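The sequence shown begins at 17 in the numbering used here and counts up one residue at a time.
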Amino acid sequence: MRLLDAILERGERFIRVGGTVSERWPTAEGGTVHAVMLVEFVAQGTALLGTQLMRDNEGKLALLVGLPEAVLNVRRIRYGTRLIADVHVARGSGEYLVCDGVVRDGTDCLATVTLQGIRVPAKGVLAGSGGK
17 MRLLDAILER GERFIRVGGT VSERWPTAEG GTVHAVMLVE FVAQGTALLG TQLMRDNEGK
77 LALLVGLPEA VLNVRRIRYG TRLIADVHVA RGSGEYLVCD GVVRDGTDCL ATVTLQGIRV
137 PAKGVLAGSG GK
């Protein structure tokens, strides 16, 4: 599922991304999506930021390994709402990063999310799950 449709700004340890809520998003029902989708919105921004920071991505997978904090200030979000997420590296280096993200709809803060991610060799992960 692709929730993001734009990279709006990039910095050395920061990224701003955008996306518009639609009926194609998971949890879509009755003109809205569940606010839990804001966690995935930040996760996708974090993945882009991690890819930018860690240039040697050949043969590696990025995995979400933790969600230490998520504050959702709304329950549902209407289709057509334009979302902007600011994601920055809070700490970590090498193969492990912790990123903080804030999702806004205009000036209102809809969610704050902290994610932990690691990069691992794809071959080992796929072999362990029965893949090739």
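Beta carbons: idealized from backbone N, C-alpha and C, even for Gly.
All figures in this text were calculated on a predicted structure; none of them were measured in a lab.
Contact under 8 Å by Cβ, residue i with residue j
i	j	result
Arg-32	Asp-102	yes
Gly-119	Ala-127	What sits at residue 119 in the sequence shown is Val, not Gly. Cβ distance < 8 Å, so Val-119 and Ala-127 count as in contact.
Leu-24	Ile-93	no
Val-52	Val-129	no
Leu-69	Arg-29	yes
Thr-62	Gly-133	yes
Trp-41	Leu-20	no
Ala-44	Leu-131	no
Assigned secondary structure, residue i (DSSP; H/G/I helix, E/B strand, else coil)
i	result
Thr-62	helix
Val-129	strand
Val-118	strand
Met-17	coil
Residues that DSSP places opposite residue i in a beta bridge
i	result
Arg-135	Ala-78
Leu-113	Gly-108, Gly-133
Nearest-angstrom Cβ-Cβ length linking residue i and residue j, presumed shorter than 8 Å
i	j	result
Thr-48	Gly-96	That pair is no contact at about 10 Å.
Gly-75	Pro-137	6 Å
Arg-26	Leu-77	At roughly 22 Å, the Cβ-Cβ gap does not stay under 8 Å, so Arg-26 and Leu-77 are not in contact.
Arg-107	Asp-121	Actually they are not in contact, since the Cβ atoms of Arg-107 and Asp-121 sit about 28 Å apart, beyond 8 Å.
What runs of the beta strand (DSSP E), each 3 residues or longer, lie entirely inside the region 76 to 105? The region 76 to 105 is shown to contain whole beta strand (DSSP E) runs of 3 or more residues at 76 to 88, 92 to 94, in chain order.
At which residue ranges does the region 22 to 50 contain complete beta strand (DSSP E) runs of 3 or more residues, listed in the order of the chain? Segments of the beta strand (DSSP E) lying fully in the region 22 to 50: 22 to 26, 30 to 36, 48 to 50.
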